Every structure is written in structure tokens, then in C-alpha cells.
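Take a look at the structure below.
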Amino acid sequence: MSKDIRIKRGLTLRLEGEAEKELVKAPRSKTYAIKPPDFHTVVPKMVVKEGAKLLAGDEIFYSKYTEQIRFTTPVSGVLKEIKRGDKRRILEVIIDADPENVYRDFGKMDAAKADAKDVKERVLESGCGAFIYQRPYNIVADPADTPKAIFISAATTAPLAADKGFIIKDKLDAFQEGINALRKLTPGKVHLCVDDSSAKYLKDIQGVELHHVKGPHPAGNVGVQIHKIDPVNRGERVWTVGVEDVAIIGNVFLTGEYHADRTIAVTGSEAKNRKYYQATIGANVSDFIGEVSDDVRIISGDVLTGTQLSNGQYICFHDNEVTMIPEGNNYRLFGWIPFTYNNIHSNSRTSLSWLFPNRKYTPTTNLNGEERALVVTGEMEEVLPMDVYPMQLIKACMAGDIEKMENLGIYEVAPEDFALVEYVNTSKLEIQEVIRLGLDLMITEVG
Amino acid sequence: MEWIRQRLDKIKQPFQKGRKYEKFAPAFNALDTFLFTPNHTTQKGAHIRDAVDLKRTMITVVIALIPALIFGMWNGGYQYYSQLGESFTFWDALGHGALKIIPMIAVSYAVGLGIEFAFAIFRGHEVNEGYLVTGLLIPMIMPIDIPLWMVALSVVFAVLIGKEAFGGTGMNILNPALTARAFAFFAYPTYMSGNSVWVSNASEVDAVSGETILGKLAAGSEVGYSSMDMFYGVIPGSIAETSALCILAGALLLVLTKVGSWRIMLSAFIGAAVMGLIFNALPSMGLEGNDLTNFPWYLHLIVGGLAFGVVFMATDPVSAAQTMKGKWIYGFLIGFLSIMIRVFNPAYPEGVMLGILLMNVFAPTIDHYVIQANIKRRKKRLENANTQVETAV
Chain A
1 MSKDIRIKRG LTLRLEGEAE KELVKAPRSK TYAIKPPDFH TVVPKMVVKE
51 GAKLLAGDEI FYSKYTEQIR FTTPVSGVLK EIKRGDKRRI LEVIIDADPE
101 NVYRDFGKMD AAKADAKDVK ERVLESGCGA FIYQRPYNIV ADPADTPKAI
151 FISAATTAPL AADKGFIIKD KLDAFQEGIN ALRKLTPGKV HLCVDDSSAK
201 YLKDIQGVEL HHVKGPHPAG NVGVQIHKID PVNRGERVWT VGVEDVAIIG
251 NVFLTGEYHA DRTIAVTGSE AKNRKYYQAT IGANVSDFIG EVSDDVRIIS
301 GDVLTGTQLS NGQYICFHDN EVTMIPEGNN YRLFGWIPFT YNNIHSNSRT
351 SLSWLFPNRK YTPTTNLNGE ERALVVTGEM EEVLPMDVYP MQLIKACMAG
401 DIEKMENLGI YEVAPEDFAL VEYVNTSKLE IQEVIRLGLD LMITEVG
Chain B
1 MEWIRQRLDK IKQPFQKGRK YEKFAPAFNA LDTFLFTPNH TTQKGAHIRD
51 AVDLKRTMIT VVIALIPALI FGMWNGGYQY YSQLGESFTF WDALGHGALK
101 IIPMIAVSYA VGLGIEFAFA IFRGHEVNEG YLVTGLLIPM IMPIDIPLWM
151 VALSVVFAVL IGKEAFGGTG MNILNPALTA RAFAFFAYPT YMSGNSVWVS
201 NASEVDAVSG ETILGKLAAG SEVGYSSMDM FYGVIPGSIA ETSALCILAG
251 ALLLVLTKVG SWRIMLSAFI GAAVMGLIFN ALPSMGLEGN DLTNFPWYLH
301 LIVGGLAFGV VFMATDPVSA AQTMKGKWIY GFLIGFLSIM IRVFNPAYPE
351 GVMLGILLMN VFAPTIDHYV IQANIKRRKK RLENANTQVE TAV
């Protein structure tokens, strides 16, 4: 049964530099890397040493405090280097890739007929646990929990984000098998949210509760969808999985092998070959973008939630896009005069940009101001389509007031849901960071 | 432009971290960022940011104040010359008013920004732009003849006690501009109320009737102004409060730019109208009332400081209610109480000042109850979820 979710509050940013809907094969990187910092709160414990020979799907490290969560290599090859940072924290596990992948064989399994315990074990041993995230806290799900539902968002609303319908259209069999597997992991429902683009391909998927999402960003955020469909209460767990990740899980069951395929959209005004690339998780960003000048910011992910990379680093585990926008380290004379510099997008009416709703913008990374105390009210609510008071929640997070955070709905939010709030914020606060720290505090205090 | 930038970067050197004048960096930065929006780029979180910043927001309010300010200057001169019976031109009137008012603005900015800069250096944060608005508002709500030292003292009180004592911009409970006015009002009542302070030099000339309309109503004397006079604002009063027309222009800018909350403005006028209507209805209920209660409700909205206070001070986001529903309640009560104070206590014809200050104090309480409803909703959902699980088991 299909239910509609209509989101009114929010903001769709129209930016220059969308990727062409053309899928090309990416060149195979010489090295691939899994970056433990991509998995917030996971403390990696290595199981292999440098120089070890690995098949694609072999375990390389596991989570120290939840040992069942294992992380496997996306390609076959030799473990080249374990890059460490301060306090010997592991930053990157780099693998020298073979020219062709050799896969570890997990054995085929029909997820629909298999035992729930076996399905879970298979998901975990193949390293697919890393794709399953939990709300609250937006961290890798603890396999010991039983979620009340699983959510998959196939709706794209983030600026310049890869179109999820386009990504999944050739992987529908694997996607269906992945859904079959996920159904075994929850006694509740598996919710699939689609937009106009992905509905074409996903409308016949069996075993899910299909929801049609309409509205501006952040309607495509799984957090908003959870909030509208089945909000998280204290003590409850909900799991979320990315669209392409469902297909990877499905492939493990169909083929018995861990095919860590990742479609990467190269987008942004500064990108040269704006296309969709058929790549592998952990690929090196330089293979997609070539030489880049210093005035360009390379982002793994979208412009609102992504991670800054320098050329030669590796694309983050979950990201489906590489976005390139100009750095904005320039001064603007009298930038504070209202109704000037209308070429910079603003949700506020102190710029005339609202008069041109169809115009596409070329944003830079300039902060367009300085950090200030929170003064303006009402702007955050405009872009957060949740029954949550954003400013009050942010202040509670800053103050570390656990009871207040809980009362105001900290369990229902993730940093990415506050990305637009951060974008429109007049006081230029780092709100996603504030929410992340608030969530971290809840993890240590409440668990 | 490039040349100015290079000069600035050179001057900036000793203010950098670890250099000689590091402590005074906020003061220099305030000047620097006034000329140039800085080259800071995003470090964490969203990589792109909205074009708006606090400077823009505050300057928009300053622009919205300008029609009322210019009119206030002209009206200052107009009241003076017309009461004396002298002939005068538009520029005479404007010049007379400007000569009185511009020094007040200069004093207000000099004293207020001085304190702001000092606190920024002392506390090591950047100078907040809030005072750009407050500093202009304070002279605009004073009588035209108030001595400059009183302006200065009011500013000191407002910034120190009204704002910095609570932790600075964004933390204050009371609107700083109204705190300044309230201070002057209670400390120097002879300069802030009565018959002879609203027209410049009125006390030195006999036979000047410089009473405000509310003052006349309270005294039971003839008003002598048409409702159009009241709307255009050619009446005695605090400098910028008289012209409903100019305030309306400012209100339009604030609402269109979404800088001022239309919810607060609308609900405050509704609240004032409701109270006015109640008073107007007294005769039909068998109560006689007086000149103030029988003053038509729609004229209550345009005389006195109500319009100015509602548009420019009640909407101050820091001291107002912060939730959407809270704003409706907050605004309504401001309008309602303003007219009530104005009518019941003719000694305080400026009911709006006290009305807003009172609601400033209660705004957090209003928000508390609005948010409590949200919290209750969440708790109820949790209870329902729990019972489901129990029945399932």
C-alpha cells in the first residue's frame, strides 16, 4: 500500500553543476581504503597486518565494543598500509588492489526462505553490518538490538545529490533480495520511501511499505521520513539502510560474494566530467576528478553534509557523490548591505535572490559572515519539517542538559537533518556539530 | 578596493594571534568586517552558507527605521515653528529637528558602541551588531528636548544592566532600547512626561500647547487634531513615534524581508484593537467611561507609541517569544496590555513601553508552556508505544 508524505517546510537548493544521467565505468583505482572515522563511535580492532593477502569480502577489522560488526575489504589485494593519526587512531586502511577482484565465497542463500538467524549472521560476516545504521544517534546499528522497523530512503532532495532512482534502476533484482534479507531482521515493517524519479523503478518491490515523498529538501532525509511515518521514542531502535547498500546486501545472498559496488556522481560547478561512475567503495577521489586547483573544494558527499577531501584521498564509505565547488576565501566589499550580492543564494529576504526561484546558483564555501550569538528566531523552523523545536534543542545540546534534550526529541534527529538549519542560520553556528556532540553525550549517558 | 584591502591587511598584522595587540582584535575586526565581509570559509558541517548574516539583518532594521527618523526630524521642526506661529520651509523644519536629533544619535552610538567594544575586548568575543539598531532606537523614542547627558546615562544603564549583565547580545531578557527609555522615564520624569517636553523649546515659550494626544485625553481637554493628522504624524510626541504612515512603511520592509515577525505585529494590533473595542463598548454596557475609554479603538492604534513599539520593539527577536505560537500570544498580550495601561493609568500614557517590558519578562514563560505542549505530545506517544509492546507480549 502506498502512502503519501507531503513535506511543506524545507528548502530545495538549485545549484549549478548537476551530473549528467550517464553511467560510465570508472577506472580501477590502484589503491582503495576503508576509513574507520566514517563509522562514528566505532573503535576499530585490526584483524590483519600490513602485507596480508586479502580476497574481496575478507574481514580487515571489527568494532572493538560490538565485536559482531565486522568490516571487510571491498577489493582483493594486499593490505598496503594502516594509516594512523593522533593517539594511534586508525584513519585509513589502504589496500593495494589486484587488477581483477577475486571474491571470497560466502555461499548463496535464499534470504526469503532462510532462517532469520542465518540471514543476520551472513549480513554480519560479509561486512554488510556497516551499511545498517540505527536511529537514535545515527551510528552503526548494534546487531544485538531488534529494530521496530527498517527505513530505506530512495528519495533525492539534497542539493546536487546523486539521483537514487538512477542509481538503483539496474540493480532491482539485488535490491529485492536485499529487502528480503532485511525483512528477516525486524519484526516490524520495512519502509521504502520513493520520489517521482525512483517510484518508476521501485513501485513493484515486494515486502515493503511504500511511501511516496513529495516536497523540498530535507524530505529525502530518512530522519524526516521516520519522523512522519513511525517516530522513534525513548528506548526504541529503528534501522536505516542506503538504497545502493540494500542492493549490495542482496548481492551477497544472490551471488555469495561481497560486491562493494558504489555509483559515484561527480557534481558541482568546478567538476569537469559530471557523470555517474560505476565504482567501488573506498575508491580514490583523484581517479574521478584528475588535476584540481587549490581554489576548489572537493567534498565527498553533498554540499550540506559531506566531508572535505584533498585530492588523492579516498571517498567516504557511504557517499554516492563527489561534489566540487569553488573555495570562497575572498573578501566582499560592504557585503552587509541588504539587497546586494544577489548572486549568492539566501533563504532570507534580505537578498533579492528569492525573486528568482528558478535560478541556479554557484555557491562558494564562504561563510558569508561571522559567528554570532543566536538572535534571529523563526528561520530554523522554516527548514525543519519535524515536530521539534530546533533552536531550543540546539541550546539544550550546547548546555548538555540531557533531560531537556530527551524531552525535545534528540532521539528523532541526526546531524544531517539539521544541515539546512545550519545553512540558513544567520548566526553561522556549526549546528550539525552541536547536534552530533549532543547525540554523543546521549550515547555515553543513556546508551 | 584591492588597495584598501591590502592596507587593511597590513594594519591588521599587530592584531593577529600571538602579536602585540591581540587582545584588541575584536575592535579592529568590527571595523574590518564593516568594510569587507571576511574571507572565512566553512570548516565543519555544511560547506555552503546562506548569504544572510547578522549585519545584514540589523542593517535592514536600521533602513526600516529611516522613514520614521526623517519624519521625526521634520516633525520636530514643524511642531516648533507652527506653535510659535513663524513661517518656515520644509528644510527649516528638517534642519531644526536634525540639529536636535543627530547629536542624540551620535551620543547614543558613541557611548553604546564604546561599551560594546570594551566588553567585546574584555570577554574576547566579536562585537555583535545588535547595538546598531538599539543605538538608533534609543534617541528615536525620547522627547526631543532631552539633555544629551540623560541620553548617555540611559544608554549606559540599558547596555550594562539591560544587556551585558545577562551575558550580552542574545541573552538579554528586556529590550535594551526600552530599558533605556524606562530608565529615563522613571529617573527623570519631568523630562520624559508632561505638557512641555514634546515640542522643542516649548518650556521657554508661553502659550505653547505641547501636549500629546493621550495627554490631552487624560486631562479631558480638546484633542484638536484630525485623525489624518494622527495617521500622518503631525502631532507632538516622542521623536519618531508620531507618524503611523512612516512606521507602516518600516513595518512593510520588516515583514517583506521577514526580519520582523508579522505574527507579533498582527497579533499586537489585534490585541490593542480588542482592548480598544472593549473600552468603546463601555457606554453600551451602561458605564459612562471617560475620554480615553471613548477614544475610538482605531485611533488608539495610531496615536502614542503603540505602532512604533509594536513594529520595532515588540519584534526584537531576542526579548520576544521564540516559538510560533508563543509569538501570537506574546503579541496579543502586548497590544491588549498597552491599551489597558494607557487608559487605566493616565500617569503612564506610554502604556506600550510598560506593556512590552512586561511581556518581555513573560516571553520565556509563554515559550515554556508552548514547548511543554510539544514535550507532552512526545511523552504521550511514548506511553502509547509502550502499551502496544506490553499487549503484544
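First to last, the sequence lines map onto chains A and B.
Here full-length UniProt numbering is used: the first residue of the first sequence is 1, the next is one more, and so on.
Here full-length UniProt numbering is used: the first residue of the second sequence is 1, the next is one more, and so on.
For each residue, glycine too, the CB sits at the ideal point set by N, CA and C.
Since this is a predicted model, take the numbers as computed values, not measurements.
- Secondary structure of G77/A (DSSP, three-state): strand.
- Close CB contacts of Q432/A within its chain, under the 8 Å cut and outside five residues either way in sequence, are with T305, P415, E416, F418, A419, E422 (chain order).
- Rounded to whole angstroms, L245/B and K379/B show a C-alpha spacing of 48 Å.
- Within the region 282 to 313 of chain A, R297, I299, V303, L304, T305, G306, Q308 place their CB atoms closer than 8 Å to a CB of chain B, listed in sequence order.
- Around the C-beta of S284/B, fewer than 16 other C-beta atoms lie within 10 Å, and the residue is accordingly described as exposed.
- Listed along the chain, the chain B residues whose CB falls inside 7 Å of the CB of Q278/A amount to none; the nearest CB is some 26 Å away.
- Around the C-beta of I7/A, 16 or more other C-beta atoms lie within 10 Å, and the residue is accordingly described as buried.
- Restricted to the UniProt domain "NqrA N-terminal barrel-sandwich hybrid" (5 to 98) of chain A, the beta strand (DSSP E) segments that are unbroken, complete and at least 3 residues in length are 23 to 25, 31 to 34, 44 to 46, 59 to 63, 70 to 72, 77 to 84, 90 to 97, listed in chain order.
- Residues of chain A whose Cβ lies closer than 7 Å to the Cβ of P38/B are, in chain order, Y331, E370.
- The beta carbon of T41/B sits closer than 7 Å to some beta carbon of chain A.
- When the beta-carbon positions are compared, H125/B and V303/A stay at least 7 Å from each other.
- D92/B: member of the alpha helix (DSSP H) spanning 90 to 123, first to last residue.
- When C-alpha distances from K327/B are compared across S338/B, A268/B, F157/B, L358/B, the shortest belongs to A268/B.
- Contact annotation: the region 336 to 343 of chain B touches the region 260 to 276 of chain B, with at least three C-beta pairs closer than 8 Å.
- Within the same chain, V259 come within 7 Å of T57/B by CB-CB distance, once the 5 residues on both sides are set aside.
- Secondary structure note for Y133/A: its beta strand (DSSP E) is the uninterrupted segment 132 to 135.
- Residue environment analysis places M109/A among the buried positions, since at least 16 neighbouring C-beta atoms fall within 10 angstroms of its C-beta.
- Burial state of Q322/B is buried, judged by a 10 Å Cβ sphere holding 16 or more other Cβ atoms.
- Residue environment for D367/B: buried (at least 16 other C-beta atoms within 10 angstroms of its C-beta).
- In this structure, Y258/A keeps its C-beta atom at 7 Å or more from the C-beta atom of V266/A.
- For Q206/A, the closest alpha carbon among the candidates I226/A, I443/A, F175/A, K25/A is that of F175/A.
- Among the bridge pairs identified by DSSP, V140/A is matched with Y133/A.
- DSSP, reduced to helix, strand and coil, places T263/A within a strand of the structure shown.
- When the five nearest sequence neighbours on each side are left out, the beta carbons in the same chain lying within less than 7 Å of the beta carbon of D229/B are those of I235, in order along the chain.
- Distance from the Cα of L172/A is smallest, within the candidate group H227/A, L202/A, Y65/A, for L202/A.
- A Cβ-Cβ separation of about 12 Å leaves R349/A out of contact with L252/B under the 8 Å criterion.
- By alpha-carbon distance to V127/B, the top candidate from K55/B, V318/B, Y78/B, F186/B is K55/B.
- Not one beta carbon of chain A lies nearer than 7 Å to the beta carbon of D9/B.
- Not a single C-beta of chain B is nearer than 7 Å to the C-beta of P27/A.
- Taking C-beta atoms as the reference points, P74/A and I281/A count as a pair closer than 7 Å.
- A149/A is bridged by DSSP to K189/A, V238/A.
- DSSP places P326/A in no alpha helix (DSSP H) but in the uninterrupted beta strand (DSSP E) bounded by 321 to 326.
- Of all alpha-carbon atoms in I167/A, S197/A, A149/A, the one lying nearest the alpha-carbon of K184/A is that of A149/A.
- Counting only Cβ-Cβ distances below 7 Å, Q322/B has contacts in chain A at T377, M391, in chain order.
- With its beta carbon at least 7 Å from every one in chain A, G112/B lies outside the interface.
- With respect to chain B, the C-beta atom of Q432/A has a partner C-beta closer than 7 Å.
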